[in-house]
Every structure is written in structure tokens, then in C-alpha cells.
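Here's the structure, in C-alpha cells; my notes come after.
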Amino acid sequence: MKKIGKYEICGLLGKGAMSTVYKVRFPKFGKIVALKLLSPHPHLVGSLGMEEIKERFVTEAMTMASLRHPNIASIWDFDETEGRPFLVMEYYCNNLGLIIGETYQIEDPSRALTLDKTVHYLRQILAGLIRLHQAGIIHRDIKPYNILVTDEDTVKISDFAFSKLRGEVWKPPPNLMVGSPCYAAPEQEQDPDGVDVRADIYSVGVMSHRMLTGKSPEETIIRASEFHPDLTKEWDSFLTRAVAQERRDRFASSAEMLKALEQLAADWEERKERICSIAPPLPATKKDKRDSKRILRAQSIKVRPRQAREVFQLDQLWRPRHYVNNDFKEHGDATVTDRVTGLVWQQDGSDFPMTWNEAQVYVQRLNSEHFAGRSNWRLPTVTELSSLLTETSHIADLCIEPIFSQEKRWLWSADRRSFVAAWYVSVDMGFVSWQDFSCYFFVRAVCSDSFGDFAKVVPEDH
């Protein structure tokens, strides 16, 4: 097996102009971590010179190592191999870019988050930035793919390749873009060395708009409330100030932006409480009106990403094209039956996230223990898990008590992407994706029930 230093290479995570990031394994005890190896593009070497690039890389490692905060990624090791430095940091399978489904074509739409989820992530991002800015560090590349998301839904700011220390002077060549298109503040594109903390504020503002609307802001006056039913005009003002073209018009600090966010969050909680205090009518479902019994594919399959959307019947953002109009019945034994699909589900699921291989063992244990009096539990297929998904909830839906545990956000399926990766479903965001077996997700086991002539129904999937 190929190695970098003492670390065994498990796969490639990404490659940029300055470095390549690998998923690697610690020897002996096998923990998975991320390793960032200096491997600059020849054009970058020609522009800056290898010594300058090495110095920038070492500065990034020292910056990360000097910080200790729950919302900033930690560095665990630093070394060299064949004259090239590398750093080792904690690894998480998910990041905000993957969660919202952002592509490299920034004009493409992405998945919009609920207001609760957006506030949850923004609080943590701004808390991490407060720590960075107090240390005199400007990140200069805040974007969804640089925001790691842990198994507990905690965010961690990562990738300090473009960070700038207070008082540091570094003049990049004219053809070098510092930051990422769309997310970089206007003054950063003109003078990367002259930015202050308000450049990061701008990036967070753009990211906030994308989380709430699925789009990047295209105008100086934000009207996000026209795209998201839970937003008020105060949110428009908040976003407009964050992405102001002139930095003097933005929030003066990440702490000031967080304070404004907390006020909006408090108003949102009051609105929810006020609306939910009145018994709401049953919400008009946007699911298919077909409520006849249907049988879903129970046999696991291997599907490549190129065919997955068609096989799993997903739209461009990897969400179900059609939703099942479920008819759930709780049994009081930690299981729920959907009388439409004939499936019996664990109501909660595994206590902890686990790897895909551990998920197989977990299901076997449920069967050996006859959980809820049954011994035919299995990992659900993507098609079965998708039957539990609903469209993005808004304020009226939040008043309805959920049937299933809301803490189990990402669920493994039995369907494989390859011999080392499997498909999973995000139940809170309502999309399908894949990850390596080594990633940690929850399990919600399923088994088939029988109801009369159900077997006569034609399967939904193939």
C-alpha cells in the first residue's frame, strides 16, 4: 500500500493549485485522517517560486496549530516526505458544500436549508471567525466546501491556505486569485493584501444567502424573503448589509454580525411559538396524492453515480422526484409501520453513527436480539429510505410532532456505490448521496410487513 511518511493512503479527497489532500490511515490503530501534501501547480511555482510556496504552506500549518476552538479544524501532525511538507488534520466526510449540493458552476442552483438549520450553522461559523479574528487572522477563503460538518452536526472552519495574519505583507502575482469566485469580497479581488475582517463577513453573507435560497446574491439589495417563506424583511436587511459592496457598509466584525443573527433567531423562535400555540390545521401535503399500497425495492444493488439519479428517481439536486404520501402507525415498541409501503421501521435507530461495515453488524445484532419481536431486520435500500423524505419544511410543518427521531440526520442504505463506498440518505435535507464505507452515519433498520394482497402490487423501482 502506498504511503506518505508513515500514513497509508486510502484515497484522494481533492486537489488545488497549491496542495493535494488525501484520506489516510494512521498505522497500527487505523484511524482515518486527512493529509494535505504540498504539490503546487507548475504555473504557481513559476509565479511565486518554490520557497515562497513552502513558506505559505508552513504558515498555514502554524496558523491551524496555534488555534484551539470547537469550530476550527485541528491539526494533528506536521512532517516532510521527499522534501515536501505535509500536515495531518482531523477528517470528516461531510462539509457544507456537499450538504447544499453546490457545484463548480456557481450559477447552478443548490439545495436551500431550513431557517433553523441555517441559523445553527451560521452561529458556529461566526463563533469560529470571532476566534480567528481575535487572533489577528483573516481567512480569505470562507466558502461551503471549507466548512467541515462533523457527525454531531458541528461545523469546523478549515483550509487556511489563503489566510492572512494581521500586519503580514504578501503581494501575490497579479494573475493569482486569492479566495474563490463569488465568495471573495470585491476589495479582495482588487487588493488581497489590503483586506480586513470585513472580507470574511462578505463571504459569510454570500454563503448565508446561498443556504437560505439555493442561489448566490445577484443584486446589491437582497430580497431573499421572496424565495424563502420563513424569512422576513429583517433578514433581507441582514443579508444586504453582510454582502455590501463597500466594506464600510458591512458589519464591522464577526461579533457584531453574530449579535444581529441572534436577534433574528430570537424573533424567529417567538414567531414559531406564537403560530404553534394555535392548533394548526393539517398541512396541505405536496406529496403525490397516490396513497394506494405500493411495494418498494428491497434488494440491495450497486449503482454508479452516473446512473444513480435515474435508478433512484431523483431530480437534479438529488431529491426524490415524487414523494410518498405515508400512512404511519406507531406500535409503542419503538417501531413504526407505513401502511402505504408495508415497511416496519425502527422509530429511533442506532444510538451512535457508525461505518457501513459496522452497520451490517448492528443489523445482525437486532435480529439476534429479536428487536421488537422481529428477526428480519435489514439495512434499507435508497428507494425505501427515500419513501420517508419530505420536501423542505417551513414554519407550519414545524408545529407537527415528528414521527421519527430528528437527531439521526444521515442514514446508511444497503445500496453500494462501489466496493468501498455506499449510498446514504440525508433525512433532514431530503437528498441522496454516497460516501466511503469508513464514514460515520446512523442506521434506521427496516423490515417488510405483510398486508393481504400487497404482493400483487407492481414494484416502484427496478
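The numbering of the sequence shown is the numbering used here, which starts it at 770 and goes up by one. Glycine is no exception: its CB is placed at the ideal position from the N, C-alpha and C atoms. Computed from a predicted model, the values in this text were never measured in an experiment.
- Straight across, the Cα-Cα distance linking Ile1172 with Ala1021 is about 43 Å.
- Contact between Ala896 and Leu1027 holds: their C-beta atoms lie close to 7 Å from each other, under 8 Å.
- Counting the other Cβ atoms within 10 Å of the Cβ of Gln1204 gives 16 or more, which makes it buried.
- Judged by DSSP secondary structure, Gly780 falls within the beta strand (DSSP E) whose first and last residues are 776-784.
- Here the alpha carbons of Asp910 and Gly818 stand approximately 22 Å from one another.
- The continuous stretches of beta strand (DSSP E) do not include Lys984, and DSSP gives it neither H nor E.
- Around the C-beta of Lys886, 16 or more other C-beta atoms lie within 10 Å, and the residue is accordingly described as buried.
- Gly974 is a Cβ neighbour of Ala1011, given a cutoff of 8 Å.
- A distance below 8 Å separates the beta carbons of Phe1210 and Pro1122.
- Ser1061 counts as exposed, since fewer than 16 other beta carbons sit within 10 angstroms of its beta carbon.
- In the three-state reduction of the DSSP assignment, Thr923 falls in the coil class, being assigned neither a helical nor a strand state.
- Comparing alpha-carbon positions, the option among Thr919, Trp1087, Pro811 lying closest to Thr872 turns out to be Trp1087.
- Residue environment: Pro913 is assigned as buried (16 or more neighbouring CB atoms within 10 Å of its CB, all protein chains considered).
- In the structure shown, Glu1176 falls within a coil segment according to DSSP collapsed to helix, strand and coil.
- In this structure, Asp1184 keeps its C-beta atom at 8 Å or more from the C-beta atom of Val1113.
- Note: Asn863 is bridge-paired with Val918 in the DSSP secondary-structure output.
- Across the structure, Ala1191 and Trp1181 are spaced so that their CA atoms are roughly 8 Å apart.
- The region 798-826 is shown to contain whole alpha helix (DSSP H) runs of 4 or more residues at 811-817, in chain order.
- Counting only runs that start and end inside the region 1021-1047, the alpha helix (DSSP H) elements of at least 4 residues fall at 1023-1045.
- Annotation: Asp965 to Ile907 spans about 7 Å, alpha carbon to alpha carbon.
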